[in-house]
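Below is one structure, written out as structure tokens; the observations come after it.
In UniProt numbering, the protein residues as written are 1 to 126.
Below is the structure:
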């Protein structure tokens with residue numbers, strides 16, 4: 001029992017009464033559900049509602065019973081887990097193109113104008 005108290009991770013497993021593999025499944029399901037919510041531009045309120053529906057549809061599933069991914073947790077997963085990895089992915093993709101176009105529209109005194117910015121990036125000569 002002393003080793004369980006010494007390791008903070010084991011305390012989490014004991015508190016939630018789940019094993020390490022079940023906790024990893026929960027993390028994977030919560031992450032996948034949040035990614036789906038963000039990808040399809042759903043709100044965090046609808047995400048919480050879908051989680052509640054999943055709990056009711058699959059009452060015999062231990063994973064469905066133990067999911068706790070409300071609005072606040074979904075936002076934290078989005079901001080602290082998904083955003084950094086997706087940002088680095090997008091930056092790497094932009095580095096691989098030779099140019100891209102940025103277009104914005106400004107409305108000044110009831111007159112709309114389009115301003116275009118061309119960014120050219122040439123590969124370094126070695």
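Glycine included, every Cβ here is placed at the ideal spot set by N, Cα and C. Just so it is clear, the structure is predicted and the values come from calculations on it, not from any experiment.
Practice problem: Going by CA-CA distance only, name the one from 81, 23 and 72 that's closest to residue 48. | Solution: Stepping through the chain shown from its first residue, residue 48 is reached at position 48. Out of 81, 23 and 72, 72 has the C-alpha closest to the C-alpha of residue 48.
Self-check item: Rounded separation between residue 30 and residue 43 - CA only
Solution: Residue numbering aside, residue 30 sits at position 30 when the chain shown is read from its first letter. Residue numbering aside, residue 43 sits at position 43 when the chain shown is read from its first letter. Here the alpha carbon of residue 30 sits roughly 15 Å from the alpha carbon of residue 43.
Quiz prompt | Reduced DSSP secondary structure (H/G/I, E/B, other) of residue 42 | solution = Residue mapping note: residue 42 aligns to position 42 of the chain shown, counting from 1. Three-state DSSP puts residue 42 in coil, outside helix and strand.
Self-check item: residue 86, buried or exposed, once every other Cβ within 10 Å from all chains shown has been counted against 16
Solution: Taking the first residue of the chain shown as 1, we reach residue 86 at position 86. Residue 86 should be labelled exposed.
Quiz item: Is residue 61 helix, strand or coil by DSSP?
Solution: On the chain shown, residue 61 is found 61 positions in, with the first residue counted as 1. In this structure, residue 61 counts as coil in the three-state DSSP scheme.
Quiz item: Is residue 51 helix, strand or coil when you go by DSSP?
Solution: For the purposes of this step, residue 51 is taken as the residue at position 51 of the chain shown. Residue state, collapsed to three classes: helix.
Quiz item: In terms of residues, what are the limits of the alpha helix (DSSP H) holding residue 81?
Solution: Your numbering for residue 81 matches position 81 in the chain shown. Per DSSP, residue 81 lies in no alpha helix (DSSP H) segment and is marked neither H nor E.
Exercise. Specify the secondary structure class of residue 67 as computed by DSSP and reduced to three states.
Key: Here residue 67 refers to the residue found at position 67 of the chain shown. In the structure shown, residue 67 sits in coil (DSSP, three-state: anything other than H, G, I, E or B).
Quiz item: Is it right to say residue 57 is buried, meaning 16 or more other beta carbons lie within 10 angstroms of its own, or is it exposed?
Solution: As a first step, residue 57 must be located in the chain shown, where it is residue number 57. Looking at its Cβ environment, which holds fewer than 16 other Cβ atoms inside 10 Å, residue 57 is exposed.
Quiz item: Is the beta carbon of residue 93 sitting closer than 9 Å to the one on residue 63?
Solution: Position 93 of the chain shown holds residue 93. Position 63 of the chain shown holds residue 63. When the beta-carbon positions are compared, residue 93 and residue 63 stay at least 9 Å from each other.
Self-check item: Buried/exposed call for residue 124, threshold 16 Cβ in 10 Å
Solution: Along the chain shown, read from residue 1 onward, the residue named residue 124 stands at position 124. Note on residue 124: pLDDT 49, under 50, position unreliable in the model; no value is reported.
Quiz prompt | CA-to-CA distance, residue 40 to residue 46, given in whole angstroms | solution = Locating residue 46 in the chain shown gives position 46, where the first residue counts as 1. Locating residue 40 in the chain shown gives position 40, where the first residue counts as 1. Their Cα atoms are separated by approximately 11 Å.
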